[in-house]
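**Student:** Under our numbering, think of the first position of the sequence shown as 769, with each following residue one higher.
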Amino acid sequence: MDQQLAKRMLLWLIAIIAVVSIAQVPAISQAAEYHHFADERSLFGIPNFGNVFSNFPFFVIGLWGMVYVQKHRTQLGAFYLGALTFSVGVFLVSLGSGYYHWQPSNQTLLWDRLPMTIGFMGLYALIVSAFVKAESGVKLLPWLVTAGIISVFYWYATESLGQGDLRWYALVQFLPMILTLAILLMFKVEGLERRSLVMVLCWYGLAKILEMTDLFLLDMTKVVSGHSLKHVAAAIACYYVIRWLKSIVNFQSRSALDDAVS
């Protein structure tokens, strides 16, 4: 069997095992205290100011990403749609998360989680296009985004019925990261930078840790909470994605030049 084909089949196997496994797990309900964050201080008339304002980096990075992607649309080629989807998702996270933290509730949380899934899926499609097969990422993108959106609405519907189930949203959030790590370990494209993606995984992992230390960090610093810092760490992860996009543009430009010379 062709080695590349075997690697692609392994990725599908990991995804199938994850889906089947999560289907066997009992429904995962959202914690009753989920909407109660450590830092509830208001400033300038803005409730929960720290958690609201700390979304501003998403706004800047998402806008930067959209402008950059549009400017380099031709050079990005097959990577364009994934890159645009990711950038739009990040930009919308700034609005959705800011809206949610202004007035935390299940209704506002819906608009926080939707753009996050769009960003996750855009990034994964982009990585598949870069390292596995360009057309595969393009074909997967609409299915991935649809699956992400369905997972959020499924959670919201079950929550509205009093039997919240986060399993599929959790799968959408974490499976792409697991598959990304597997892709980085198994696939290598000569001349395509990978360090930025490692930094994406590291900063995202730090963001999840900071999320779990919300009250601890506020008590320790008296200034900033873990959840506010989580937003900053996640935004830095997004910054490294845009930085990686620059390496794709350079890679594509070199490839085009090599083809022209040959």
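We treat Cβ as the ideally placed atom computed from N, Cα and C, and that holds for glycine.
#1: With a Cβ-Cβ cutoff of 8 angstroms, do Gly932 and Gln798 count as a contact?
#2: My assumption, with CB atoms under 8 angstroms, is that Phe805 sits in contact with Ser993. Please give the rounded CB distance.
#3: For the stretch 968–986 against the stretch 919–929, are there 3 or more C-beta pairs whose distance is under 8 angstroms?
#4: For the stretch 866–876 and the stretch 891–906, state whether three or more C-beta atom pairs, one from each stretch, are separated by less than 8 angstroms.
#5: If we ignore side chains and look at the alpha-carbon of each, how far apart do Lys768 and Lys956 end up?
#6: Whose C-beta lies closer than 7 angstroms to the C-beta of Thr876 among residues of the same chain, with five residues either side of it excluded?
#7: For Asp880, count neighbouring C-beta atoms within 10 Å of its own C-beta (all shown protein chains included) and say buried if the count is 16 or more, exposed if not.
#8: In whole angstroms, give me the CA-to-CA distance for Val968 and Pro815.
#9: Under three-state DSSP, which class holds Ile785?
#10: Whole angstroms is fine: what's the gap from Leu929's alpha carbon to Leu882's?
#11: Is Ile1045 buried or exposed, if buried means 16 or more other CB atoms sit within 10 Å of its CB?
#12: My guess is that Leu952 and Val966 are in contact by the Cβ rule of under 8 angstroms, so how many angstroms apart are they, rounded?
#13: Quick one: what's got a C-beta closer than 8 angstroms to Ile790's C-beta in the same chain, skipping five residues either side?
#14: Measuring only the C-alpha atoms, how far is Leu849 from Ala1001?
#15: So, helix, strand or coil for Leu852, using DSSP?
#16: Comparing C-alpha positions only, which one of Glu808, Pro944, Gly813, Ile829 sits nearest to Asn819?
#17: Measure from the alpha carbon of Ser862 to the alpha carbon of each residue in Ile1016, Arg1011, Ala1003, then state which is nearest.
#18: Going by DSSP, what residues sit across from Ile814 in a beta bridge?
#19: Within 10 angstroms of its Cβ, does Val1009 collect 16 or more other Cβ (buried), or is it exposed?
#20: Pick out whichever of Lys775, Met884, Ala915, Ala800 has its Cα sitting closest to the Cα of Val787.
#21: Only counting runs of 4 or more residues, tell me where the alpha helix (DSSP H) segments fall wholly within the stretch 917–985, in order along the chain.
#22: Rounded to whole angstroms, what is the Cα-Cα separation between Ser865 and Val793?
#23: Could you have a look at Val1017 and say whether DSSP puts it in helix, strand or coil?
#24: Would Met889 be called buried (16 or more neighbouring beta carbons within 10 Å of its own) or exposed?
**Tutor:** Here's the rundown:
#1: Between Gly932 and Gln798, the gap from beta carbon to beta carbon is short of 8 angstroms.
#2: Between Ser993 and Phe805 the Cβ distance is about 7 angstroms, and since that is below 8 angstroms, they are a contact.
#3: The answer is no - the stretch 919–929 does not touch the stretch 968–986, with fewer than three Cβ pairs under 8 angstroms.
#4: A contact is defined here as three or more CB-CB pairs under 8 angstroms, and the stretch 866–876 fails this definition with respect to the stretch 891–906.
#5: Given a span of 769 to 1030 for the chain in the structure shown, any question on residue 768 remains unanswerable.
#6: Hits under 7 angstroms: Tyr867, Tyr868.
#7: Buried is the call here.
#8: Whole-angstrom Cα-Cα distance: 30 angstroms.
#9: Looking at Ile785 - three-state DSSP - the assignment turns out to be helix.
#10: Taking the straight line joining both Cα atoms gives about 19 angstroms.
#11: Beyond the ends of the chain as shown, which are 769 and 1030, falls residue 1045; an answer cannot be given.
#12: About 7 angstroms separates the two Cβ atoms, so the contact holds.
#13: Only Arg935, Trp936, Ala938, Leu939 meet the Cβ criterion.
#14: C-alpha separation (whole angstroms): 25 angstroms.
#15: In the structure shown, the three-state DSSP call for Leu852 is helix.
#16: When only C-alpha atoms are compared, the closest one is Glu808.
#17: For the residues Ile1016, Arg1011, Ala1003, the minimum Cα distance to Ser862 belongs to Ala1003.
#18: Leu811, per the DSSP bridge assignment.
#19: Sixteen is the threshold: when 16 or more other Cβ atoms of the shown chains lie within 10 Å of the Cβ of Val1009, as they do, the residue is buried.
#20: For the residues Lys775, Met884, Ala915, Ala800, the minimum Cα distance to Val787 belongs to Ala915.
#21: Restricting attention to alpha helix (DSSP H) runs no shorter than 4 residues, the stretch 917–985 encloses them at 935–954, 963–980, ordered along the chain.
#22: Spanning the two alpha carbons is a distance of roughly 28 angstroms.
#23: In this structure, Val1017 counts as helix in the three-state DSSP scheme.
#24: So Met889 counts as buried.
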